[in-house]
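Down below is the structure, laid out as structure tokens.
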DNA sequence: ACTCTCAGCTTACAAGTGTACGCTAATTTA
DNA sequence: TAAATTAGCGTACACTTGTAAGCTGAGAGT
């Protein structure tokens with residue numbers, strides 16, 4: 005094994021170790037460098053050969069999580085394209101994601117409201133991507149004016165993430181209940197924005 | 005000053021000290037007993053005369069925050085009763101609360117997704133109260149079936165808290181923008197649930 | 001083959017942590 | 001007034017933390 009390969013491998017070990025430690029209810033800021041090193045099977049000081057800081061590792065993890073989030077979106081689109089209701093399919097995909105990658109989602113959730121401004125910003129950016137893609141999709145599919153679509157997408161993402169937080173600690177049965185409630189709530193928003201646009205048409209006192 | 009009075013006073017000092025420390029981006033679990041003692045102006049070991057644990061102090065703080073939340077609801081109702089749109093008034097009241105008691109709301113927000121299962125549960129309970137009261141209000145005011153009202157209330161609270169999180173770190177201008185978006189989104193939900201009920205009436209294939 | 005590079009190690013230190021133990025001084029009780 | 005209670009303090013100890021300094025041995029480059 006070449007030297008570079010070996011280095012990459014330990015780096016991955018460190019990242020995996022960090023995710024491992026996140027599994028058992030902890031924040032990034034509550035994980036010590038020494039713990040990560042221990043879990044990764046290296047000496048504490050060797051950590052510095054790969055990351056300047058725990059902060060640098062943290063941002064790497066957030067990026068990694070963001071990546072997973074984007075893959076999730078792509079998967080949802082694929083499944084929607086091959087049939088099935090948009091809301092139902094999206095929520096199902098999302099819930100499967102949470103169940104399968106709970107530590108990834110937990111990371112995003114925790115750090116979104118967490119202690120470090122840098123992490124908060126990084127997570128917010130990832131969620132913003134998510135929202136942007138959804139509003140593009142809504143505009144494209146439903147032919148809704150831009151500003152309404154943006155509002156709708158933002159509200160939907162907020163609901164999805166908030167429900168996801170609850171689903172994170174739930175068993176299968178409860179998670180199903182959360183799913184179903186979420187789907188109905190998303191439909192409220194969709195219906196609501198349509199009703200709003202309808203009301204504009206009925207008494208067109210504004211522009212556009 | 006009697007002995008009991010003095011004790012209560014130091015206890016309040018400890019609580020105030022903890023809130024003070026929460027102000028500068030920190031979690032409960034990231035605050036040490038010694039720091040709290042230092043800030044409260046007592047010896048570290050004296051802390052134990054008042055609380056068994058940092059956890060016990062934490063739960064006390066969450067309770068305190070929940071109390072503030074309930075006062076907020078009462079205030080909103082009073083303001084609604086004395087005129088003004090329900091959604092507008094509620095959101096305005098909420099945003100004022102966040103601006104004035106940012107550390108209280110931050111505490112709830114952080115610990116809701118935080119490290120300690122006990123805190124998470126405690127916060128969830130407070131939010132549940134909030135949701136329950138709102139759904140009661142909706143049932144009473146809008147004459148909407150129970151299950152729809154509950155869904156609507158839950159969705160609204162989710163949006164409000166999520167937007168509140170963003171508002172927490174925003175300046176006045178941005179906070180206003182968040183307020184306005186939130187108001188429109190809440191109206192979507194309201195419109196949506198009404199439209200849903202309407203659709204049930206048009207083709208009544210189900211029971212009630 | 002000879003040197004260079006550098007991932008990972010060991011050792012070491014100052015700083016901070018929770019909390020056990022026992023003392024003191026002032027209030028409360030009898 | 002004498003005895004009992006107790007809020008608060010000081011000291012002490014065993015740990016954990018981040019990271020500085022310097023060494024080693026194996027792969028890379030010539």
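Protein chains in written order, with the numbering used here: chain A, 5 to 212; chain B, 5 to 212. For each residue, glycine too, the CB sits at the ideal point set by N, CA and C.
Quick one: is residue i buried, meaning 16 or more other Cβ sit within 10 Å of its Cβ, or exposed?
i: residue 177(B); result: exposed
i: residue 44(B); result: buried
i: residue 205(B); result: exposed
i: residue 5(A); result: exposed
i: residue 181(B); result: exposed
i: residue 197(B); result: buried
i: residue 93(B); result: buried
i: residue 199(B); result: buried
i: residue 166(A); result: buried
i: residue 21(B); result: buried
i: residue 80(A); result: buried
Quick one, are the C-beta atoms of residue i and residue j less than 9 Å apart?
i: residue 173(B); j: residue 83(A); result: no
i: residue 65(B); j: residue 19(B); result: yes
i: residue 119(A); j: residue 29(B); result: yes
i: residue 201(B); j: residue 148(B); result: yes
i: residue 62(A); j: residue 9(A); result: no
i: residue 138(B); j: residue 160(B); result: yes
i: residue 127(B); j: residue 69(B); result: yes
i: residue 134(A); j: residue 73(A); result: yes
i: residue 168(A); j: residue 98(A); result: yes
i: residue 11(B); j: residue 53(B); result: yes
i: residue 111(A); j: residue 188(B); result: no
i: residue 96(B); j: residue 183(B); result: yes
i: residue 192(A); j: residue 192(B); result: yes
Measure the alpha-carbon distance for residue i versus residue j and round it to whole angstroms.
i: residue 7(A); j: residue 13(A); result: 10 Å
i: residue 157(A); j: residue 186(A); result: 14 Å
i: residue 60(B); j: residue 38(B); result: 15 Å
i: residue 109(A); j: residue 100(A); result: 11 Å
i: residue 179(B); j: residue 113(A); result: 22 Å
i: residue 162(B); j: residue 171(A); result: 14 Å
i: residue 50(B); j: residue 40(B); result: 11 Å
i: residue 86(A); j: residue 145(A); result: 15 Å
i: residue 212(A); j: residue 152(B); result: The predicted model places residue 212(A) with a pLDDT of 42, which falls under 50 and marks its position as unreliable, so this point remains unresolved.
i: residue 141(A); j: residue 31(A); result: 33 Å
i: residue 77(B); j: residue 107(B); result: 18 Å
i: residue 129(B); j: residue 164(B); result: 16 Å
i: residue 15(B); j: residue 104(B); result: 23 Å
i: residue 136(A); j: residue 36(A); result: 35 Å
i: residue 117(A); j: residue 90(A); result: 29 Å
i: residue 75(B); j: residue 122(A); result: 33 Å
i: residue 48(A); j: residue 58(B); result: 29 Å
i: residue 88(A); j: residue 175(A); result: 25 Å
i: residue 17(B); j: residue 17(A); result: 45 Å
i: residue 46(A); j: residue 46(B); result: 41 Å
i: residue 102(A); j: residue 25(B); result: 33 Å
i: residue 143(B); j: residue 150(B); result: 7 Å
Starting from residue i, follow the alpha helix (DSSP H) in both directions and report where the run begins and ends.
i: residue 58(B); result: 58 to 85
i: residue 165(A); result: 150 to 172
i: residue 196(B); result: 176 to 206
i: residue 139(A); result: 121 to 146
i: residue 94(A); result: 90 to 104
i: residue 26(B); result: 7 to 27
i: residue 37(B); result: 37 to 44
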